[in-house]
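A short worksheet on the structure shown next.
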Amino acid sequence: MGDERDRQARVKEPNRKQGEIRFELPEDTLPPMHPARVLWNVVKTLDLGRFLRHAKAVGGRSGRDTLSPAMKLTLWLYAISQGIGSAREIERLVRTDDAFRWVVGNLHVGHHTLSGFRAGHGEALDALMTDILASLMHKGVLSLELVAQDGMRVRAAATAPSFRSYGSLLECRQQAVLHLKAVLAQADDPAHSTAQHARRAAAARDFQQRVEAAIATVQELQATRKPSAKGPRASTTDAEARVMKMADGGFRPALNIQLATAGSPLGGPRTIVGVRVTNLGSDMNAITPMLDDIERRLHVLSLLLADANHGAHDGIRDAALRGVELLVAVPESSRQPTSDKAATDGALVAWRARMESDEAKKLYKARACLCELMNAHLRTHHGVDQFLVRGVAKATSVVLLGVIASNILQHAATLLA
């Protein structure tokens, strides 16, 4: 018996009731070349004054200080680089992940603030993308000698059952009005706090506004589309979403993202130089707006590649007038002109002849490795697999953040030089 007691193992169990004091310096939690540090260092070199134009807390006035736009922008860019596009998920990670805690430092930021920053600074994000591209051109690392355009459809923040016909939307309007009256009538109900009553009323008004937007959309579609048996339908969740054919062949509510990517067919960094988000399911008329966007930012373009889905005759004529050499695969419907105008139009004749040359065929092979690669990265690595916001404007802000993150990570060393 004595020997057994002597051989009994002594185990030290954890004591979670024992208090302790920890001293931690957030600056030392990340290695020097961590992506969060790199993004922060690049962001601090950029002009972020546009994000503070509407700040209420200014010198000589009372009010709470505005949270650092550099911190919020870096937080979003780092989250997107990790494939995270949810403000609620970022708020959770700020409390648990060392990199997110390092970006925030001793500040606190909630998901409402993050969502408002992303949705409320579309113009500032657009200008920031232009500034980054201008800096890259000034440093001589961005060339527009070869640019490829492609589109991808991304699931919208709407469900298929939310699409309703005009008659069904009128019924929803009546229900929305009655619901708002019922919510306002319960404003004195002691079972709910004042904040809860305010949130319920805001939600009821938001639903009413979305129903009205859907009704306006259906009326607009009725005026512009040809009459059909079913008639147009619109979503009570996102009136700007449209049902589109997706890459897997199915039909779902989506938005169409058009990206223009510059780079070399031999490899190296790719730079997104043009961005457009639309609710048009077809790419056929996307060339002219993209040329406008690129020229607005950089004022120069010499060559643009695109697939046959972009082969609208008006876009080809417009590119010829601008002096842009367009390499677009000739669709089957355009290989044999069906009218005298198409057969004699100088721009169209030159386009068909150009696409038959060996030089054009060789250059056109670079299209997929430029634009399709960046589209795939944006979808799989930069959190643009499905929109969590409603409307084209907010969706554009989401895409701009993804594009800015991509361009910074591609050229971080150059931007910090």
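FYI, in our numbering the residues of the sequence shown are 5 to 421.
Note that the Cβ used here is the ideal one computed from N, Cα and C, for glycine as well.
Excluding five sequence positions before and after L77, the CB atoms of its chain that fall closer than 6 Å to its own CB belong to V47, given in chain order.
Contact check for H415 and V145: beta-carbon distance about 6 Å, within the 8 Å limit, so the pair qualifies. Between D51 and L404, the CB-CB gap reaches or exceeds 8 Å. Inter-residue distance for D102 and G171 is about 53 Å (C-alpha atoms, whole angstroms).
Check the Cα spacing between M378 and each of G267, A83 and V42: the tightest is with G267. Nearest Cα to G109 within the set P165, R54, V62 and L29: L29. Proximity of the region 148-159 to the region 308-325 meets the contact definition, three or more beta-carbon pairs being nearer than 8 Å. Given a length threshold of 4 residues, each whole run of the alpha helix (DSSP H) inside the region 182-260 is given here in chain order: 198-228.
Close CB contacts of E127 within its chain, under the 8 Å cut and outside five residues either way in sequence, are with R54 (chain order). By the criterion of at least three beta-carbon pairs nearer than 8 Å, the region 92-106 is in contact with the region 24-41. Under the three-state reduction of DSSP output, T70 falls in the coil class, being neither helix nor strand. With respect to the 8 Å criterion, A238 and V222 are classified as neighbours on the basis of their beta carbons. Secondary structure in the region 284-344: the alpha helix (DSSP H) runs of 4 residues or longer, each lying completely within the stretch, are 291-302, 317-326 and 336-339 in chain order. Under the three-state reduction of DSSP output, A266 falls in the strand class.
In the DSSP annotation of this structure, the continuous segment of the alpha helix (DSSP H) that includes V98 starts and ends at A91 to T100.
With contacts defined as CB atoms closer than 8 Å, L419 and S139 qualify as a contacting pair. With a cutoff of 8 Å on beta-carbon distance, I408 and L137 are scored as not near each other.
Straight through space, the alpha carbons of I84 and L43 are spaced by roughly 11 Å. Between the region 89-100 and the region 110-127 there are three or more inter-stretch CB-CB distances shorter than 8 Å, so the stretches are counted as touching.
According to the DSSP secondary-structure assignment, M378 is paired through a beta bridge with no residue. Here DSSP, grouped into helix, strand and coil, assigns D135 to helix. Residue pairing for R157: DSSP places it in a beta bridge opposite N260. Taking R209 as the centre and dropping the five residues before and after it, the same chain places the C-beta of L184 closer than 8 Å to its C-beta, in chain order. For T117, no beta strand (DSSP E) encloses it; the enclosing alpha helix (DSSP H) starts and ends at H115 to A123. In the DSSP assignment, no residue is bridged to G272. DSSP places A421 outside both helix and strand once states are collapsed to three, so it counts as coil.
Non-local C-beta neighbours of G235 in its own chain, meaning closer than 6 Å and more than five positions away in sequence, comprise S169, ordered along the chain. Spatial neighbours of E376 in its own chain (CB-CB distance under 7 Å, excluding positions within 5 residues in sequence) are listed in chain order as D154.
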